[in-house]
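**Student:**
Residue numbers (the numbering used here), protein chains in the order written: chain A, 1 to 592; chain B, 593 to 1287.
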């Protein structure tokens, strides 16, 4: 029988509230900065078949990502082999989870002896071993270098903990206390989920809850199909690039998507994307699925519940052995930029179909920096992880936002004061980069510069960024944003570092300068309202030179007034010069 | 006589209380949004008309929305911000996260200080509090000179690590004063000496942004009071539930951002303590929003994580859409749903309620003001909870047929269900929203709602409170007798409160008792000075001390009160014990062997005020409520699936001691209390109505 539309809505609220309670528990109890300050974790409730029903609004990268993991657990053990008091643990790109840092914890929930739901979560662990501190070696070429690989196992079997497994895990990581502290936080969260779900079943009855969970999947599917129907049928192609794979620096990595809109379904054919690469930018299938879901969630109405029903109308074709569905044991740790690039390729394709719902080229980010070593003040080992946001692409009617984590990770930045109190570093600069946003009728968001100086004798530096070579693209006549850069300033030399690099030894006093890319512009820069250009100049977003040379707006040095007459002349001249001059310089709207 | 004046969005409520006779006078006049002090004047004139003499008024406590409105309407001051050079974009960079990651078209809130008014000054203090780069005074003076003639109304100085070493901020202040002698300057190290530079800077900027307008308003208010011949001690309600002198309010107005909602919670705490309830969930539901708060052990829960001007979605506040203010504020969960929330069918054929609200214009269909979309209030009317002929005490007649056909046409027909099922659906979904908010303040924070009483006020709160209590198994619901002027009354129950904080990061095992006693003694000395200025007797001063604590490596803190008595090593080990317990309660686990850190020390110093006596009525001989029956009507309750004939009582005629068994309705002049079957209500000696939930 079909689920009741009212009870379904009531339970939608209740299940979402429960996922949020799990999320609050996990974030607040965790120990590592990356979970606590940056929130790199997600909690969800699944039905007994493994379909995700309700996910806390957490990290977009994790959208639906737990589904493949939970289904893999169900496949290995089967509902009949699961017992009350079991808790499962796993990680790994080749068994349904993601890069090795992401550890999955799952708790099967039983009611009157039947499996009714699975509460699960995934959290990024600060260090899972491998060749570099933080376990994200930008130069890894196989999975074994990236950390400990945890098969699907029972961490608890009927309430009995597997001590050997815990010892094994702790023995293979650099910060065993932090790892176990975060796993405990994950355990606390799934227990909250289990307890809360049983309360719902007791209140509404198992049958009603099951029907409503089905109802929610159907509901999201229906809403998504309805939206797809509003998009004109057709085939739309889009591309995006990564600078390189972190190993072969001169070779860009190409992502290609062919989106077919067919009435009420969408197909994402990724067959023409590059084959898997040597470096760690390959992306596991779970993350590929998640990235498609994320890009579409940003285009679809915000109130469609994020569950597996919302993803059901999407067909993904990702051949085995391609960048987006690699074969074991390809390295995958740096897949977060690949995820952004896939989202960007999809937006690029769909800009032809729904131009007012997309962003222009957006920095793939955040740029990640890891510094590990021994703090000679305390004598203790430390691992610092820090993100730095790029500029986002402009939209049809608004400028891009600056210096934010835009795509699939949506993490929080680390406060400078918190970072310096906990680690032997000093942040000497954290600011927007003038003129880094791509020009357009609407301007791309600005990139960010963050300078870090090492205050202890020696440390190992790892970096993961993109857009150092390929800057984010403009859209509909907008320009590219400015590309990013990595510079290591030593006492006597200035070293330009690639986007992805690991195992760089740095010494006390060395300065690491990180610039993230600016977002692409949207529309013809000559159509940008001179009033906005004026605001950009006085607020240090663009220079007077750029106002003149790129936007054709003349602003006088000194009094900073817009010279309207000169602007009109200059814009006309530029418009005439423009090869693709399908549009004239617009009427000037400024009145002064 | 003491007076409480609460300016809300619609009404200015005034309470006049005579400490000698215990007489209470209440007034409700329209708010005058453009110059709110006018509404205050009008209220007082009306009071004089009723025979109160201006000379008898010795004390006025006041809650206003002027600070919040300055931000929401973006009508604050032109502020210049000084940061450490290299960190000028701090306000725009914020916390790097986007408020809604799933919305590609979303923008972020524009900084309250545009970049062109930000000046970076070369200087640096490190994480130990040592100066590593001296302040470049020459460059700073140049920057200050450059602001001449720009019409700057207020200055903010927020430099890195100023909470450890404020000398550079103080020096910048001195330099600003040399060029702008009259300037209103806020230093982050004065207002909020605590780590996390974005939040600290944001808080300090908010203070500067609202200061000139708040200051003008208070000055105008003082003048008009003087003109009326009133020279009272004037106090302004703070967000933390205390009051402050007007002088402090003028320099630190960021403390009055949540002035209004705080008063309501304070009154709930006070009334609750009179009645013998120490643990209370407050539930304040109006037309467009609902606010939930927690009172524990007689004290409202306080938080230092708050965003002013944030967007409230149907079920939560969207963090990152407002401006962080890290000052103590009564911890309320606000959700954008209320009696006016509109019900609709979405494209997936699911019944939804909100986030759109009909508000007061066009208002619910049943108001007959042109609204066409069915709302929660319309569903309440159709189900028989509200009386079409006795809304707002009969001042307004409701259109029941209009409500019925709107629900029929817009909901029932589309879902293929009958109108009553549709109306009940609207209520159940609205209740699910409310339950979510109630869970945010209870279960999400480790509180068991079964151990609390719920106090329901606001126009729409008492209507669904009993049903919500049943859902969450909250044993008692209190509807206060003075529900309509609840917040204004709270102004007279509040104490003067000064908060102090110092960042002091140590492992609990390495704390030097002498050092922290030194810090607390300094707080106490400052507190005494401030309270003496407020003319508080030393006997009426009370201090409460606490510490923000966490497991080493965590970055969220829990505030743990010190137990009573002098702080020594034993108290410190109690503190750590209490931290483990609180961690267990909130997060369901502890880490016994793990090092514990104290991050900050806090002290609240209270000047305890005399509370109004809550009027006690004689208990009736009989619990029989028959004399107050107005009539009976058919009412449809959740879970019953048929209309039940319910007695309808006139709340004004119910006597203390009377008991009303559900199903029943109690009609008050400004709200309606619904008592579902199996629940019952009793009128207590204060004429509050207490609903019991079967366990």
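Glycine included, C-beta positions come from ideal geometry on N, C-alpha and C.
Quick one: what's residue 1199(B) bridged to in DSSP?
**Tutor:** For residue 1199(B), which the question treats as bridged, DSSP gives the partners 1088(B), 1133(B).
**Student:** Enumerate in chain order the residues of its own chain whose CB-to-CB distance from residue 795(B) is below 7 Å, with the five nearest sequence positions on each side excluded.
**Tutor:** For residue 795(B), where only same-chain residues beyond five positions count, the Cβ hits under 7 Å are 783, 784, 846, 916, 917, 918, 919.
**Student:** Within 7 Å: the Cβ of residue 1103(B) and any heavy atom of the ligand NAP?
**Tutor:** No copy of the ligand NAP appears in this structure; indeed no ligand is present at all.
**Student:** Once DSSP output is grouped into helix, strand and coil, what is the label at residue 641(A)?
**Tutor:** The structure shown does not extend to residue 641(A), since chain A is modelled only from 1 through 592, so no value can be given for it.
**Student:** For residue 1322(B), is the classification buried or exposed, using 16 other Cβ atoms within 10 angstroms of its Cβ as the cut-off for buried?
**Tutor:** Any question about residue 1322(B) goes unanswered here, given that chain B covers just 593 to 1287.
**Student:** Mind checking who residue 1095(B) pairs with in its DSSP beta bridge?
**Tutor:** Partner(s): 1192(B).
**Student:** Within 10 angstroms of the Cβ of residue 101(A), are there 16 or more other Cβ atoms? Answer buried if so, exposed if not.
**Tutor:** Burial call: buried.
**Student:** Quick check on residue 1042(B) - is its C-beta less than 8 Å from some C-beta in chain A?
**Tutor:** Answer no: the Cβ-Cβ gap between residue 1042(B) and chain A never drops below 8 Å.
**Student:** List the residues of chain A whose Cβ lies closer than 8 Å to the Cβ of residue 718(B), in chain order.
**Tutor:** What residue 718(B) touches in chain A: 420, 426.
**Student:** To the nearest angstrom, how far is the alpha carbon of residue 18(A) from that of residue 196(A)?
**Tutor:** Residue 18(A) and residue 196(A): Cα-Cα distance of roughly 7 Å.
**Student:** Would you identify the three-state DSSP class for residue 1284(B), choosing helix, strand or coil?
**Tutor:** Residue state, collapsed to three classes: strand.
**Student:** Out of curiosity, what's the CA-to-CA distance linking residue 84(A) and residue 158(A)?
**Tutor:** The straight-line gap from Cα to Cα measures roughly 6 Å.
**Student:** Under the three-state reduction of DSSP, which class applies to residue 586(A): helix, strand or coil?
**Tutor:** Because the pLDDT at residue 586(A) is just 43, under 50, the model does not fix this residue reliably, and the point stays unresolved.
**Student:** For the alpha helix (DSSP H) that contains residue 524(A), what are its first and last residues?
**Tutor:** Here residue 524(A) belongs to no alpha helix (DSSP H), and DSSP marks it neither H nor E.
**Student:** Which two residues bound the contiguous beta strand (DSSP E) that contains residue 711(B)?
**Tutor:** 710-713 is the extent of the beta strand (DSSP E) around residue 711(B).
**Student:** Tell me, please, whether the CB atom of residue 314(A) is closer than 8 Å to any CB atom in chain B?
**Tutor:** No, because no Cβ of chain B sits closer than 8 Å to the Cβ of residue 314(A).
**Student:** What are the boundary residues of the beta strand (DSSP E) that residue 266(A) is part of?
**Tutor:** Note, residue 266(A): beta strand (DSSP E), 265-269.
**Student:** Which bits of chain A does residue 1183(B) rub up against, with CB to CB less than 7 Å?
**Tutor:** Chain A residues near residue 1183(B): 181.
**Student:** 8 Å is my cut-off, CB to CB: does residue 599(B) come that close to chain A?
**Tutor:** No - not a single Cβ of chain A is within 8 Å of the one on residue 599(B).
**Student:** For a contact defined as C-beta to C-beta under 8 Å, what are the partners of residue 383(A) on chain B?
**Tutor:** None at all; the shortest Cβ gap to chain B is about 12 Å.
**Student:** Taking its Cβ as the centre, do 16 or more other Cβ atoms sit within 10 Å of residue 1077(B), making it buried, or is it exposed?
**Tutor:** Buried, because 16 or more other Cβ atoms sit within 10 Å of the Cβ of residue 1077(B).
**Student:** Pull up the DSSP beta-bridge partners for residue 510(A), would you.
**Tutor:** In DSSP, residue 510(A) forms no bridge with anything.
**Student:** Taking all protein chains shown into account, decide if residue 576(A) is buried (16 or more other Cβ within 10 angstroms of its Cβ) or exposed.
**Tutor:** By the 10 Å Cβ count, residue 576(A) comes out exposed.
**Student:** Just the Cα atoms here: how many angstroms apart are residue 818(B) and residue 658(B)?
**Tutor:** Rounded to whole angstroms, residue 818(B) to residue 658(B) spans 21 Å at the Cα level.
**Student:** For residue 328(A), count neighbouring Cβ atoms within 10 angstroms of its own Cβ and tell me buried if that reaches 16, exposed if not.
**Tutor:** Counting Cβ neighbours within 10 Å, residue 328(A) comes out exposed, since fewer than 16 surround it.
**Student:** To the nearest angstrom, report how far apart residue 889(B) and residue 1244(B) are at their CA atoms.
**Tutor:** Answer to the nearest angstrom: the Cα atoms are 31 Å apart.
**Student:** Could you check the C-alpha separation between residue 632(B) and residue 1082(B) for me, to the nearest Å?
**Tutor:** Near 17 Å, if we compare the C-alpha coordinates of residue 1082(B) and residue 632(B).
**Student:** What number of angstroms, rounded off, separates the C-alpha of residue 569(A) from the C-alpha of residue 482(A)?
**Tutor:** Approximately 27 Å between the Cα atoms of the pair.
**Student:** The beta strand (DSSP E) that contains residue 213(A), what's its start and end?
**Tutor:** No beta strand (DSSP E) contains residue 213(A), which is instead part of the alpha helix (DSSP H) from 206-229.
**Student:** Measuring only the C-alpha atoms, how far is residue 1214(B) from residue 1274(B)?
**Tutor:** Rounded to whole angstroms, residue 1214(B) to residue 1274(B) spans 12 Å at the Cα level.
**Student:** Got a sec: is the Cβ-Cβ distance from residue 411(A) to anything in chain B below 8 Å?
**Tutor:** Yes, residue 411(A) lies at the interface with chain B (some Cβ there is under 8 Å from its Cβ).
**Student:** For residue 1035(B), decide whether its Cβ has a neighbour in chain A, counting only Cβ atoms nearer than 8 Å.
**Tutor:** Yes, contact with chain A.
**Student:** Assign residue 650(B) to one of two classes, buried (16 or more other C-beta atoms within 10 Å of its C-beta) or exposed (fewer than that).
**Tutor:** When all chains shown are included, residue 650(B) counts as exposed.
**Student:** My parser needs the alpha helix (DSSP H) runs of 4 or more residues fully inside the stretch 952-995 of chain B; what are they?
**Tutor:** Those alpha helix (DSSP H) runs which fall completely within the stretch 952-995 of chain B and span 4+ residues are 968-974.
**Student:** Could you have a look at residue 569(A) and say whether DSSP puts it in helix, strand or coil?
**Tutor:** It is helical.
**Student:** Which runs of the beta strand (DSSP E), 3 residues or longer, sit entirely within the stretch 33-99 of chain A?
**Tutor:** You should have 41-46, 52-55, 87-90.
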